[in-house]
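Below is one structure, written out as structure tokens, with a few remarks after it.
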Amino acid sequence: MRRRDVTSVACLLATTTTALVCLTSPAAAHPTAEAARTSSALPPVSPTPQSLSRSGSDATVTDRVLVVADDRTDPAARDRLVGELTAHGASRVDVVAPGGVPPAARGLLTVRLGPAIRPDIAAALAGTAAPDRAEGYALRVSGDRPGATIALGGADATGQFYAVQTLRQLFVPADDGWKVAGARAADFPSMPLRGTIEGFYGQPWTHAERLDQMDFHGDVKANTYIYAPKDDPYHRSKWREPYPAAKLAELGELVRRATANHVRFTFAVSPGESVCYSDPAHRKDLKAKLQALYDLGTRAFSVPLDDISYTRWNCEADRAAYGAPGRQAAAKAQVDLLNDVQRTFVATHEGARPLQMVPTEYGDLTDTAYKQTLRATLDPAIEVMWTGTDVVPPSITNRQAEGAARLFGRKVFVWDNYPVNDYWNTSGRLLLAPYDKREAGLSRHLTGIVANPMNQPHASKVAVFGTADFTWNDQAYDARANWPRAMAYLAGGDRAATEALLVFGDLEHMAPTFGATPWQPQAPELARRIATFWTSWDAGDPAGALRDLRPYAESIEKAPATIRGGAVEDGFVTDAAPWLDATELWGRATVTVLDALDAWRAGDRDGAAQLLAASRSFQEQARAVRVDPPRNTWGSAQVKVGDGVLDTFLARAEGRMR
Ligand code: GDL
0 MRRRDVTSVA
10 CLLATTTTAL
20 VCLTSPAAAH
30 PTAEAARTSS
40 ALPPVSPTPQ
50 SLSRSGSDAT
60 VTDRVLVVAD
70 DRTDPAARDR
80 LVGELTAHGA
90 SRVDVVAPGG
100 VPPAARGLLT
110 VRLGPAIRPD
120 IAAALAGTAA
130 PDRAEGYALR
140 VSGDRPGATI
150 ALGGADATGQ
160 FYAVQTLRQL
170 FVPADDGWKV
180 AGARAADFPS
190 MPLRGTIEGF
200 YGQPWTHAER
210 LDQMDFHGDV
220 KANTYIYAPK
230 DDPYHRSKWR
240 EPYPAAKLAE
250 LGELVRRATA
260 NHVRFTFAVS
270 PGESVCYSDP
280 AHRKDLKAKL
290 QALYDLGTRA
300 FSVPLDDISY
310 TRWNCEADRA
320 AYGAPGRQAA
330 AKAQVDLLND
340 VQRTFVATHE
350 GARPLQMVPT
360 EYGDLTDTAY
370 KQTLRATLDP
380 AIEVMWTGTD
390 VVPPSITNRQ
400 AEGAARLFGR
410 KVFVWDNYPV
420 NDYWNTSGRL
430 LLAPYDKREA
440 GLSRHLTGIV
450 ANPMNQPHAS
460 KVAVFGTADF
470 TWNDQAYDAR
480 ANWPRAMAYL
490 AGGDRAATEA
500 LLVFGDLEHM
510 APTFGATPWQ
520 PQAPELARRI
530 ATFWTSWDAG
540 DPAGALRDLR
550 PYAESIEKAP
560 ATIRGGAVED
570 GFVTDAAPWL
580 DATELWGRAT
590 VTVLDALDAW
600 RAGDRDGAAQ
610 LLAASRSFQE
620 QARAVRVDPP
630 RNTWGSAQVK
640 VGDGVLDTFL
650 ARAEGRMR
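With numbering that gives the first Met the number 0 as the guide, the letters of the sequence shown map in order to residues 0 to 657.
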């Protein structure tokens, strides 16, 4: 299991924001780390806790640490805790029972992990009560010597695991080892369902990529991963056929990895292309498919009915059962099937969570005979998904979510089509803008949100990191603050790599919709700097204009090498490879055009002409970079980098030299 030891605190002025951003950094002896240790600022924790404050002095991680646990302690939380302590200075971690703390424990760091109501934990929490909410926890670090104590108390097992995930982000480097920031937290998620739905078209993620995603979900306190890849034939076209043994074995491993991260592996089957709703044999096959996954440990199931034709039947029997095809008849047939699965499969299987479904009308707020039938007759226990308006919504508001709840007769579960890049407008794009434009307060109207990611799983983490933060604490969510933290996570806390990712992310910032207007702009930071450049240039200060823009142009050119330098997770580098290649060339073209402008300004027309020719050549090479082999449905495509901003600037600069 890959573990990122994101550790010490360092603050920097993020290149693309005006906010002071605190990042984790592995540089133990860094002067800013020393400052952070003695100041009262706590390291940033993501997702943002409902409450987090300083409780006193930091606790030193001693060479030997005691973990006090018993059979009510969540094993996954305990294992992760031991791993984190070992990675942060403990050479020996002894796990002992609450009654078995040795007298020699004085002077050792003691970490108490388990239910918040366990008496020794309740005492050590010293009034920091664990919220009585599913997945909630309380944490208190008391650094008073001798014998510093950390209490990690969960409202349930998942809460314990999340307490450890918060603790993981509180390690700070000390002169001769590690400390844990003296903090107290009382925390819980705002939305019950948080995570991703692998629900895109095109090449599904590989098994290894999914395993990595389960760890990532655990790290960001996301509890849901829905397995629904459109191009897994056994999920859709061959839904009646059982998985081959080898594939089933993989799914079993995935379920175990999900469980170890407190992620609900949610298995989806999409029968809508060929199902005969009224046919008992079809229903039997559907339940057999679910049963196979139940046997592997899956306890959450979904039957998506999106992207199918619902105005024709797949069999004559359905005409006899539900009447002439049409919206209302389709809803009747779907409800008949789904209620049957809920009542005779889900309700009869111990531990199974309510069935989830995706309606065929999933992306609008229009009342229709289809939705009327669903809200009147679909079992109230069933979760209904909804994508927001327009399939790829430019925003999701409280009003819209309330409207969707009214239409479907229950709070809906959002299938959020960001950062998915399987539709035509995303051709040649990575979508690296932060998760944004979802209104605070949505937790009152939704049961949750899952992001539909890109075919590139590692690159998707930028947006999913934000989705996890928003769904955990929508009131506190700040897209601009979240974005550098997401990049820092991908960069393992390395400052230079984080800054390079921010520069690169700005060039892949455009988020299209199905229509002509993107919902997030391309390269906003570069655009801002270019606007300033032309203002200075036109105001008669070309030297100042060049001096100000040049470092940023150089940072574009250098970002790919820094991102490839080792700190950023390998998968991201692989996902982004063609975009990194193109970015380096666009950066070189930009730096060279600035040199040309400089020569021109100094009256060196020949030099300017030569540099311009060199810049054009870099631009040509950049335009020739393609995504190949493609993972996406749009096939081979030209790689887009800062398009509409960078290329426009280069053309305008050239125009100035005529
Ligand atoms: C859709 C599909 C989804 C696809 C997305 C973007 C839903 C419910 N279904 O309509 O599989 O990835 O658009 O193309 O969103």
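No residue lacks a Cβ here, since even glycine has one placed at the ideal position from N, Cα and C.
Spatial neighbours of residue i in its chain, beta-carbon cut-off 6 Å, leaving aside the 5 residues before and after
i, result
"threonine 61", "Leu107, Leu108"
"alanine 28", "Low per-residue confidence applies at alanine 28: pLDDT is 31, beneath 50, and the placement is therefore not dependable enough to give any value."
"valine 644", "Gln521, Ala522, Leu525, Ala526"
"leucine 377", "Val334"
"alanine 368", "Arg326, Gln327"
"methionine 384", "Val357, Phe412, Trp414"
"threonine 15", "Residue placement at threonine 15 cannot be trusted, given a pLDDT of 36 that sits under 50; what the coordinates show is reported in the next sentence. If we look at threonine 15 and ignore the five residues flanking it on each side, its Cβ neighbours are Leu501, Asp505, Glu524."
"serine 277", "Ala316, Asp317, Ala320"
"valine 94", "Val66, Ala68"
"arginine 2", "With a pLDDT of 35 at arginine 2, under the threshold of 50, the modelled position of that residue is not reliable, and the figure given next carries that caveat. Once the five neighbours on either side are set aside, arginine 2 has no close Cβ partner at all."
"threonine 148", "Thr109, Ala123, Ser141"
"valine 461", "Leu431, Ala485"
Residue i: CB within 7 Å of a non-hydrogen atom of the ligand GDL
i, result
"aspartate 627", "no"
"tryptophan 633", "no"
"isoleucine 512", "As written in the sequence, residue 512 is threonine, which differs from the isoleucine given in the question. Outside the cutoff, so no."
Residue from the options whose Cα sits closest to the Cα of residue i
i, options, result
"leucine 250", "Ser269, Arg239, Ile225, Lys237", "Ile225"
"phenylalanine 666", "Ala530, Met213, Thr425", "Limits of the chain in this structure are 0 at one end and 657 at the other, which puts residue 666 out of reach."
"aspartate 537", "Trp423, Phe571, Pro629, Arg655", "Arg655"
"isoleucine 47", "Lys286, Tyr476, Asp57", "Position check: residue 47 holds threonine in this sequence, whereas isoleucine was assumed. Selected option, being the one with the closest Cα: Tyr476."
"alanine 133", "Pro270, Pro188, Leu292", "Pro188"
"aspartate 294", "Cys314, Asp305, Arg311, Phe344", "Phe344"
"alanine 275", "Leu304, Asp284, Asn313", "For clarity, residue 275 is cysteine in the given sequence; the question names alanine instead. With distances taken between Cα atoms, cysteine 275 lies closest to Asn313."
"alanine 332", "Pro279, Asp218, Gln290", "Pro279"
"arginine 437", "Thr396, Ser459, Asn451, Gly402", "Thr396"
"isoleucine 116", "Val110, Ala104, Tyr136", "Tyr136"
"arginine 79", "Pro118, Val95, Leu166", "Leu166"
"leucine 649", "Gln399, Leu584, Trp633", "Leu584"
"valine 268", "Ala299, Ser535, Pro577", "Ala299"
"glycine 626", "Gln609, Trp578, Trp599", "Here residue 626 is valine; the residue named in the question, glycine, does not match the sequence. Minimum Cα distance to valine 626 is reached at Trp578."
"glutamate 568", "Arg263, Asp493, Pro379, Ile381", "Asp493"
"alanine 351", "Thr388, Phe266, Asp306, Glu401", "Phe266"
Cutoff 7 Å; reference residue i; Cβ partners in own chain excluding five residues on either side
i, result
"alanine 652", "Val592, Leu596"
"leucine 51", "Leu41, Val44, Ala182, Ala184"
"valine 390", "Gly362, Asn416, Phe513"
"glycine 88", "Val60, Gly176, Trp177"
"lysine 410", "Ala404, His444, Leu445, Thr446"
"alanine 613", "Thr591"
"alanine 478", "Pro433, Tyr434, Asp435, Gly465"
"leucine 545", "Leu593, Leu596, Asp597"
"alanine 458", "Leu429, Leu431, Phe571, Asp574, Ala575"
"alanine 125", "Arg139"
According to DSSP, residues forming a beta bridge with residue i
i, result
"serine 141", "Thr148"
"leucine 445", "Val411"
"threonine 265", "Ile225, Ala299"
"threonine 59", "Lys178"
"aspartate 170", "Correcting the residue identity first, residue 170 is phenylalanine in this sequence and not aspartate. Paired residue(s): Val179."
"serine 426", "Answer is none; serine 426 lacks a bridge partner."
"tryptophan 204", "BP columns for tryptophan 204 are empty, so no partner."
"threonine 195", "Tyr224, Ala450"
"threonine 632", "In DSSP, threonine 632 forms no bridge with anything."
"aspartate 186", "Tyr136"
"arginine 625", "Gln637"
"tryptophan 518", "In DSSP, tryptophan 518 forms no bridge with anything."
"glycine 113", "Gly152"
"glutamine 164", "Paired residue(s): none; glutamine 164 is not in a bridge."
Proximal residues to residue i (C-beta, below 8 Å), its chain only, five neighbours per side dropped
i, result
"arginine 428", "Asn420, Glu507, Met509, Pro511, Lys639"
"threonine 85", "Val92"
"alanine 34", "Only weak support exists for where alanine 34 lies, its pLDDT of 42 falling under 50; the coordinates are left without a value."
Near the ligand SAM: residue i beta-carbon under 7 Å from a heavy atom
i, result
"arginine 193", "Absence of the ligand SAM from the depicted structure is noted, with the ligand GDL being the only ligands included."
With distances taken from each beta carbon to the nearest heavy atom of the ligand GDL, which residues come in below 6 Å, in chain order?
Result: Gly198, Phe199, Tyr200, Lys229, Asp305, Asp306, Val357, Tyr361, Thr386, Val390, Trp414, Asn416, Val419, Asp421, Tyr422, Asn451.
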